[in-house]
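Okay, so the sequence shown: first residue is 74 according to this note's numbering, each after it adds one.
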Amino acid sequence: MTDRSLIALKRRAERGKLFVVSAPSGSGKSTLVRMLLKVEPACALSISYTTRAPRSTEQEGVDYYFISRETFDQMISDGAFVEWAEVHGNRYGTSFHEIERLLEAGHDVLFDIDYQGARALKACYPEATLLLLLPPTMAELKRRLRKRGTDTAEVIERRWHAAWRELEHYGIFDFVVVNDNLQQALGELQSIYRAEQNLWWRRAYHVEMLLKEKPEAVEHD
Ligand code: ADP
Ligand code: 5GP
Numbered sequence: 074m075t076d077r078s079l080i081a082l083k084r085r086a087e088r089g090k091l092f093v094v095s096a097p098s099g100s101g102k103s104t105l106v107r108m109l110l111k112v113e114p115a116c117a118l119s120i121s122y123t124t125r126a127p128r129s130t131e132q133e134g135v136d137y138y139f140i141s142r143e144t145f146d147q148m149i150s151d152g153a154f155v156e157w158a159e160v161h162g163n164r165y166g167t168s169f170h171e172i173e174r175l176l177e178a179g180h181d182v183l184f185d186i187d188y189q190g191a192r193a194l195k196a197c198y199p200e201a202t203l204l205l206l207l208p209p210t211m212a213e214l215k216r217r218l219r220k221r222g223t224d225t226a227e228v229i230e231r232r233w234h235a236a237w238r239e240l241e242h243y244g245i246f247d248f249v250v251v252n253d254n255l256q257q258a259l260g261e262l263q264s265i266y267r268a269e270q271n272l273w274w275r276r277a278y279h280v281e282m283l284l285k286e287k288p289e290a291v292e293h294d
């Protein structure tokens, strides 16, 4: 293998991971994403753009970049989004700039996006790991949507019905985690996130360096 090929392998091995977590609304995704960010400091959340109004607990530039429909449409025309989708009546999008900014800073990038976004992101970044988080039952999903207390009854009903669409697309994901017990779900999320660094192509540089140590006299069977 040439030195240039080795450099390419090394760069590939060191590039941050792209880790997508999708879930029907109310499954506990934001809760678990926050917990994962605390225990995995190398990981940073990709902040999406949205036309949705901020909830009382949300902050500009922390939870989302909150923008008008006009600005969103302008960003679509400018080709600023890797992916964007209409979800529950609002638009949400991930910008190329956000991903590259976080990767260049040496982070792994965590995405909280829906199944349409997950599919589109994978088309652009095939190395991305896609994980689907699910509630233990649909009745529990409704209980959690109500418990969160941030949405009107109408919005809760719309989000609960939309959950089936998210479920129907489970085949596009690499992993499924059921969020029944929060700590157990976090453990599963974390082990999947960590296992990514052992994919063969992340270790290819290391293997090539071991191969270089082969003495001339050693022959294979
Ligand atoms: P999402 O981001 O998927 O819409 P949230 O993280 O906002 O969901 O969680 C919805 C509600 O469910 C919140 O009140 C949260 O505290 C609660 N919740 C999350 N995970 C669990 C769990 N494993 N058991 C019980 N309640 C949970
Ligand atoms: P919420 O309004 O509850 O914050 O998010 C609603 C849904 O939009 C969630 O399923 C969330 O994952 C998804 N979402 C958030 N940001 C993006 C994004 O940039 N792209 C896509 N496709 N979905 C997003």
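Note that beta-carbon positions come from the ideal geometry of N, C-alpha and C, so glycine has one too.
Helix, strand or coil: which one does DSSP assign to GLU159? strand
Hey, how far is the Cα of TYR138 from the Cα of ILE120? 7 Å
Is there contact between the segment 84-100 and the segment 202-220, where contact requires at least three CB pairs shorter than 8 Å? yes
Going by DSSP, what residue range makes up the alpha helix (DSSP H) through TYR278? 273-285
Run the proximity test for HIS161: is its beta-carbon closer than 8 Å to any non-hydrogen atom belonging to the ligand 5GP? yes
Near LEU218, which residues of its chain fall below 8 Å by C-beta distance, leaving aside the five closest residues on each side in sequence? Here the set comprises SER98, GLY99, ASP224, ILE229, ARG232 and TRP233.
Say yes only if the C-beta of SER98 is nearer than 8 Å to one or more non-hydrogen atoms of the ligand ADP, and no if none qualify. yes
Would ALA158 and ALA196 qualify as a contact pair, given that the criterion is a beta-carbon distance under 9 Å? no
Closest to ARG107 by C-alpha separation, out of GLU227, GLN263 and PHE246, would be which residue? GLN263
Could you check where the alpha helix (DSSP H) with THR75 kicks off and where it finishes? Run containing THR75: none; DSSP gives neither H nor E here.
Distance between ILE172 and ALA236 (C-alpha atoms, nearest Å): 27 Å
Whole beta strand (DSSP E) runs in the segment 129-175 with 3 or more residues, listed along the chain? 137-139, 154-160 and 163-168
Heavy atom of the ligand HEM less than 8 Å from the Cβ of SER121, yes or no? By its list of ligands, the structure shown excludes the ligand HEM, since it contains just the ligand ADP and the ligand 5GP.
How long is the line joining the alpha carbons of PHE154 and SER168, rounded to whole angstroms? 4 Å
Using only the heavy atoms of the ligand 5GP, determine whether one of them is closer than 8 Å to the beta carbon of ARG219. no
Could you give the DSSP three-state label for ALA196: helix, strand or coil? Helix at ALA196.
Hey, how far is the Cα of THR202 from the Cα of SER95? 11 Å
Just to confirm my understanding: we take PRO209, look at its own chain, exclude 5 residues before and 5 after, and list those with CB closer than 7 Å. What are they? VAL251 and ASP253
Cβ-based neighbour list, ARG221, same chain, cut-off 8 Å, excluding 5 preceding and 5 following: Closer than 8 Å at Cβ, skipping near neighbours: GLY99.
Cα separation between PHE184 and ARG238? 19 Å
Which of the three DSSP states is assigned to SER95 in this structure? strand
GLU289 burial status per 10 Å Cβ neighbour count (16 or more: buried): Answer is exposed; the Cβ neighbour count stays below 16.
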